[in-house]
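Working notes for the structure below.
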Amino acid sequence: MLIDTHCHLDAAEFDPDRDAVAARAVAAGVRLAVVPAVEVANFAAVEALAARGVPPLPGTRSTPYPVPEDGARPEAAAPSTAPPSPPLPAGPAGPRAPSSDTPAAFAPPPDTPPPLGGLCVAPAYGIHPLYVPGASDADLATLATRLEAALAGPYPPVAVGEIGLDGFVPALQAPDLRARQEALFLAQLKLARDFGLPVILHIRRAQDTVLKYLRQVFGKGGSPGGIAHAFNGSEQQAHAFLDLGLRLGFGGTLTYDGSQRIRRLAATLPGDALVLETDAPDIPPAFAPRQRNEPAHLAAIAAVLGELRGLDPDEVAALTSGNARAALPGLAAYATP
288 MLIDTHCHLD AAEFDPDRDA VAARAVAAGV RLAVVPAVEV ANFAAVEALA ARGVPPLPGT
348 RSTPYPVPED GARPEAAAPS TAPPSPPLPA GPAGPRAPSS DTPAAFAPPP DTPPPLGGLC
408 VAPAYGIHPL YVPGASDADL ATLATRLEAA LAGPYPPVAV GEIGLDGFVP ALQAPDLRAR
468 QEALFLAQLK LARDFGLPVI LHIRRAQDTV LKYLRQVFGK GGSPGGIAHA FNGSEQQAHA
528 FLDLGLRLGF GGTLTYDGSQ RIRRLAATLP GDALVLETDA PDIPPAFAPR QRNEPAHLAA
588 IAAVLGELRG LDPDEVAALT SGNARAALPG LAAYATP
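Numbering (the working numbering), first residue to last: 288 to 624.
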């Protein structure tokens with residue numbers, strides 16, 4: 288079984304044929320997909336996908352963070368000595384009102400459609416750096432509320448994500464938006480720490496700064512666990528993420544002949560460093576360069592990894608799926624046959 292550790296199956300690109308996309312993924316051997324949110328506006332859609340997927344196994348979900356005997360949240364039982372997160376500057380349109388996304392709204396509706404083509408969907412919740420211009424302190428409060436309620440619900444999140452920094456989009460490099468990116472990222476890392484959840488990281492052209500904040504929040508010997516998504520850094524940066532206990536996500540970029548550095552890393556890094564992803568509908572593989580990407584393409588990406596490492600398909604599936612479960616322990620609740 289293959290695990291797609293990063294796809295956006297809730298995206299509008301899949302609205303016309305989402306069930307067929309899921310069925311094709313299952314037919315290709317992808318039985319489990321992690322769907323990270325990108326903004327508070329799609330939290331409900333991500334959870335709805337989890338509700339439509341193959342149900343989590345009963346009795347497998349464990350509390351992701353230690354609960355003291357008095358039942359208090361970890362930060363209430365042992366206040367952090369770290370400095371508080373700075374408030375986020377207001378966005379271009381000013382602060383937004385708090386979301387109506389309340390715990391009472393988290394339960395799936397009674398008329399939930401049938402299972403999603405046999406695919407199991409594990410959710411993650413976070414605010415993507417590309418959505419920073421419209422994010423506010425109220426969104427951080429909504430994220431904290433969502434995490435707390437969802438961890439106690441039937442579809443627990445496996446990570447805080449997609450979060451991170453983006454050094455590629457020119458508009459986001461303006462000093463005010465760069466500072467805003469970093470403030471939001473720092474605040475979300477602290478939420479991951481307080482809830483004991485791994486992280487799914489967006490690190491495009493921002494690897495070193497992301498590493499700086501990971502060390503700041505978790506310390507040199509600490510680690511949130513999780514995945515550096517769509518890894519495209521140097522060998523030194525790869526080992527820096529690995530030293531912090533994260534895995535590296537490899538996807539469609541691996542299929543291009545010109546991606547020599549990424550291919551070399553995929554071939555030579557320790558086996559336990561690697562997880563597979565599609566980032567569907569984005570980062571299409573070489574065999575579908577101008578098409579919508581989808582989770583079914585993970586099988587061909589896995590085949591390329593097998594060629595690079597001299598592994599057969601079953602070995603690639605066992606290696607990368609095992610790594611995914613190690614990176615995101617909450618996937619134990621979403622085990623599939």
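By construction, the Cβ of each residue, glycine as well, lies at the ideal position given by its N, Cα and C atoms.
Environment of Glu602 [buried if 16+ CB atoms lie within 10 Å]
exposed
What are the uninterrupted segments assigned as alpha helix (DSSP H) that are 4 or more residues long and contained completely in the region 462-494, given in chain order?
462-482
Would DSSP call Val308 helix, strand or coil?
helix
Which whole-angstrom value is the C-beta distance of Tyr442 and Pro402, which I expect to be below 8 Å?
Not really, about 13 Å apart at Cβ, beyond 8 Å.
Ala307: buried (16+ other C-beta within 10 angstroms of its C-beta) or exposed?
exposed
Which of the three DSSP states, helix, strand or coil, is assigned to Ala428?
helix
Identify the continuous alpha helix (DSSP H) that holds Arg548 and give its terminal residues.
Gln547 to Thr555
Provide the residue span of the alpha helix (DSSP H) that contains Arg579, from first to last.
Counting along the chain, Arg579 falls outside any alpha helix (DSSP H), and DSSP gives it neither H nor E.
In whole angstroms, give me the CA-to-CA distance for Leu552 and Glu522.
7 Å
Output yes or no for whether 8 Å exceeds the beta carbon distance between Pro485 and Ala614.
yes
Run the CB neighbour count on Phe472, radius 10 Å, all protein chains shown included, and call it buried at 16 or more, exposed below.
buried
Limits of the unbroken alpha helix (DSSP H) element including Glu564
Premise fails: Glu564 is in no alpha helix (DSSP H) and is neither H nor E.
To the nearest angstrom, how far is the alpha carbon of Val321 from that of Leu289?
12 Å
Tell me the DSSP bridge mates of Arg534?
Ile514
Start and end of the alpha helix (DSSP H) containing Ile588?
Leu585 to Arg596
Counting only the same chain and skipping the five closest in sequence on each side, list residues whose C-beta sits under 6 Å from that of Leu606.
Gly558
Check the DSSP bridge columns for Cys294 and list the partner residues they point to.
Paired residue(s): none; Cys294 is not in a bridge.
Near Glu449, which residues of its chain fall below 8 Å by C-beta distance, leaving aside the five closest residues on each side in sequence?
His293, Pro323, Ala324, Val325, Ala411, Gly413, His415, Ile487, Leu488, His489 and His516
Beta strand (DSSP E) containing Leu417: first to last residue?
Taken as a continuous stretch (DSSP letters only), Leu417 belongs to no beta strand (DSSP E), as it is neither H nor E.
Pick from Lys477, Pro582 and Gly512: whose alpha carbon is nearest that of Leu560?
Rather than Leu, the amino acid found at residue 560 in this sequence is Ala. Closest by alpha carbon: Gly512.
What do you reckon, is the C-beta of Asp426 under 7 Å from a heavy atom of the ligand GTP?
Among the components of this structure there are no ligands whatsoever, and the ligand GTP is therefore not found.
Taking the alpha carbon of Glu564 as the point to measure from, which residue in Asn610, Ala493, Ala461 and Pro616 has its own alpha carbon closest?
Asn610
In this structure, does DSSP put Lys539 in helix, strand or coil?
Going by the sequence as given, residue 539 is Gly instead of Lys. Helix, per DSSP.
Please report how far the alpha carbon of Gly421 lies from the alpha carbon of Leu452, in whole angstroms.
15 Å
Same chain, Cβ closer than 8 Å to Thr540, neighbours up to 5 away in sequence not counted:
Ala517, Asn519, Ser546, Ile549 and Ile570
Around the C-beta of Ala458, are 16 or more other C-beta atoms found within 10 angstroms, so that it is buried, or is it exposed?
exposed
What residue from Ala586, Glu300, Arg465 and Asp424 has the CA that sits closest to Ser608's CA?
Ala586
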